[in-house]
Amino acid sequence: MKTLVFAWHYLWSRPLGAALNVLLLSLGLASITFLLLVAHQLSRAFDRDLAGIDVVVGAKGSPMQLILSGVLHIDVPPGNIALKAVRELEKHPMVAAIIPISLGDSFQAYRIVGTSHAYVSHYEASLARGVLWSKPMEVVLGATVARRLAVTLGDTFAGSHGLGGAGHAHGDNLYTVVGILQPSASVLDRLILTDTASVWKVHEDATASDDEDRAILAQEREITMALVKYKTPMAAMTFPRFVNTTTEMQAASPALEVTRLLSMLGLGTDVLRAFAGVLLLTAALSVFFALWTAVRERRADLALLRMLGAPPGKVASLLLCEALWLGLLSSVLGLVLGQAFTMALGWFLQLDTSLLVGGLVWPAELLVVPCLALLVSLGAALLPALGAYRVSVLELLQVR
Amino acid sequence: MLVFPDVDVPQGAVLLLSGPSGCGKSTWLALVAALMAPSAGALTVAAQPLHALKNVAADAWRARAIGFLPQKLHLSSALTVVQNLMMAQWASGQPEDAKRIHAALQALGVKDLSDRKPGQLSGGQAQRVALARAVLLQPRVILADEPTASLDDEAAADAVQLLLETAGIHQATLVIATHDARVAHLIPAGVEGQIGFQTLRLLRNKLSNE
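Protein chains in written order, with my numbering: chain A, 131 to 530; chain B, 1366 to 1575.
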């Protein structure tokens, strides 16, 4: 214990050098913390939101866009598909269930999603207050939405056209809040859910001038996409090709697209990882140099410790404890900085409202950070400690 | 190769180890502190035959039996005066004893400087602190290496006086290794109650390797 105290004093007897070493080590560790956190949060978000959805059917276009817009709700959809075509698809023998998704409107930048009750039960969300919608124009709010907008049951609001929040307001048709979901840590938290028919009603009321128009529009009803669950995993072999070749729609597999997305991000993370490695290596060299100089400067002091009766191991342990302090301090600082970087990224990219990145999480992988810190600092201290171990007391006597 | 004459110092006496630089004073001190072993001959220090001590045992014995006042003092500049003394207790493997540290500093009149760093002490104060560290564990033998080097006459007299007093209080054998001719005149011969001092004069007698 005492060794730690003395090592602490020795470390801070050269405050500038010590601070520089802690900073260098921390920056390397912060980069690693950041990478671990982003990877962890992204894969958790993807796993959570993609679970149980085998394929997404939507308008022709980029399959990744389809997944990003329809499942993760972080992109705009490629277009709409005919309701009739979806009804046909529902009858396909390989399809177990279909959840319709209709996008188009938003309220205060939160998306209003026209869907069915199956969407709520798919994410196993439960109601905190109120009930699920029973007729068009009734909405259920995700937990985050309700909290951020401070909206309660019975409140009404008008949606605005478009997903950005700056579009034309549909002033004639007001939504009524009938329920608020409990936080489910899924995409539902940041959505406003309503019946598919609400979306039709809002837009048909806005464009139709008489009943005849209305009838035509009802014939041409569309949804944005359908989330499909297979009856059998075997369907993955044939169903997407069936959709892509025989219909005007496309089928995109979430698992496939996310893997593609992550491999595209992979290049970026490799660069960052290499960068973190270089930082850590620099830190290790700097720690090595600092301790090496410390041993040289304090040779006589260390020799005196031997004279006072300290065995060589005790003298060496003093050096190792200095390195241990460096490792511990920079682990803490590195973790804090890494968390701060991650939060800053989430805030900067507005990903915190999408629940993709942001917020404090402490996944078990983060244990790597202190381990790495101790490995680097103690590794760098080995040679200096050996030097301290070998200090001869005779040097003390021969100084003249 | 160095050959030292035999010497027998009674417990509590003063030995003046004098001679020019390079005559082997350091080696003599190293032998007595069990830091190196003689190639021939036997040493008994503080009732301990040194040839029986090895490595860690020698370290432990040295911690208990020898108090060392190095020429350059070597107070650790990173630590306060009190912490420097704590470090001596730590190095010797003793439990920390704040009372004894205070008593040691008090005895040498530097208790008020407890929380200063060595850089804030004058030369004389630093020497007193180093001496407090040397006698902290109540050694049987105090080895002082050039205690008067670079001191003026008055300060040198004070330093020697302090060493004699401190050794007297602890009833420790005092060895002063020095090439400073003034020291011999500063030690009173046969002080009452003390056994007096003897001089071991080393010559630069390099024996050729035959």
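Idealized CB from N, CA, C, for every residue including glycine. Every value quoted in this text rests on a predicted model; they were computed, and no experiment measured them.
The Cβ atoms of residue 1565 of chain B and residue 1438 of chain B lie no closer than 8 Å to each other.
DSSP places residue 1428 of chain B in the helix class (H, G or I) of the three-state scheme.
If you ignore the 5 residues before and after residue 252 of chain A, its C-beta comes within less than 7 Å of the C-beta of 182, 229, all in its own chain and listed in chain order. Residue range 145 to 180 is occupied by the alpha helix (DSSP H) that includes residue 157 of chain A. Contact between the segment 1542 to 1551 of chain B and the segment 1377 to 1394 of chain B is established, with three or more Cβ pairs separated by less than 8 Å.
Given a length threshold of 3 residues, each whole run of the beta strand (DSSP E) inside the segment 209 to 280 of chain A is given here in chain order: 225 to 237, 240 to 245, 257 to 260, 268 to 271.
A distance below 7 Å between beta-carbons, with the five flanking residues on each side excluded, links residue 1440 of chain B to the following residues of its chain, in chain order: 1449, 1483, 1491, 1494, 1495. In this structure, the CA atom of residue 1463 of chain B is about 8 Å from the CA atom of residue 1451 of chain B.
For residue 516 of chain A, the closest alpha carbon among the candidates A:524, A:475, A:446, A:508 is that of A:446. Taking a Cβ-Cβ cut-off of 7 Å, the neighbours of residue 1421 of chain B in chain A comprise 441, given in sequence order. Residue 200 of chain A: not part of any beta strand (DSSP E); member of the alpha helix (DSSP H) spanning 193 to 200, first to last residue. If you check the CB distance, residue 159 of chain A and residue 417 of chain A do not come in under 8 Å.
Within the segment 346 to 376 of chain A, the alpha helix (DSSP H) runs of at least 4 residues that lie entirely inside it are, in chain order, 365 to 376.
Sequence-distant Cβ neighbours of residue 1516 of chain B in its own chain, meaning closer than 7 Å and more than five residues away, are 1524. A straight-line Cα-Cα distance of about 10 Å links residue 518 of chain A and residue 511 of chain A.
Looking at the DSSP output, residue 188 of chain A shares a beta bridge with A:355, A:380. Secondary structure of residue 343 of chain A (DSSP, three-state): helix. Scanning chain A for C-beta atoms nearer than 9 Å to the C-beta of residue 1375 of chain B yields nothing, as the closest lies near 25 Å away. For residue 1504 of chain B, no Cβ of chain A is located within less than 8 Å of the residue's own Cβ.
When the beta-carbon positions are compared, residue 227 of chain A and residue 248 of chain A come within less than 8 Å of each other. Within the same chain, and ignoring the five residues on either side of residue 370 of chain A in sequence, the residues whose Cβ sits closer than 7 Å to its Cβ are 185, 381, 383. For residue 240 of chain A, the nearest beta carbon of chain B is not closer than 8 Å to its own beta carbon.
Under the criterion of beta carbons closer than 8 Å, residue 1408 of chain B and residue 1396 of chain B qualify as touching, at roughly 6 Å. At a cut-off of 8 Å between C-beta atoms, residue 518 of chain A does not count as an interface residue with respect to chain B. Residues of the segment 1500 to 1528 of chain B whose Cβ lies closer than 7 Å to any Cβ of chain A, in chain order: 1510. Legend: CB atoms of the segment 139 to 165 of chain A lying less than 7 Å from CB atoms of chain B belong to residues 139, 140, 143. Against chain B, a Cβ distance below 9 Å from residue 524 of chain A picks out 1391, 1392, 1395, 1400, 1401.
By the criterion of a C-beta distance shorter than 6 Å, residue 457 of chain A is surrounded in its chain by 503, 504, 507, once the five residues flanking it on both sides are discounted. Per DSSP, residue 1380 of chain B lies in no alpha helix (DSSP H); the unbroken beta strand (DSSP E) holding it starts and ends at 1379 to 1383. Around residue 1416 of chain B, the same chain offers no residue with a beta carbon nearer than 6 Å, after the five sequence neighbours per side are excluded. Take the alpha-carbon of residue 284 of chain A and the one of residue 270 of chain A: they are about 11 Å apart. At the C-beta level, residue 435 of chain A and residue 1510 of chain B stay beyond 8 Å of one another.
In terms of beta-carbon proximity, residue 513 of chain A stays away from the interface with chain B, with every pair separated by 8 Å or more. In this model, residue 373 of chain A and residue 350 of chain A are separated by some 20 Å (Cα to Cα). The C-beta separation of residue 155 of chain A from residue 460 of chain A comes to about 4 Å, placing the pair in contact by the 8 Å criterion. Put simply, the CB of residue 1370 of chain B is far from chain A, with every gap to its CB atoms at 8 Å or more.
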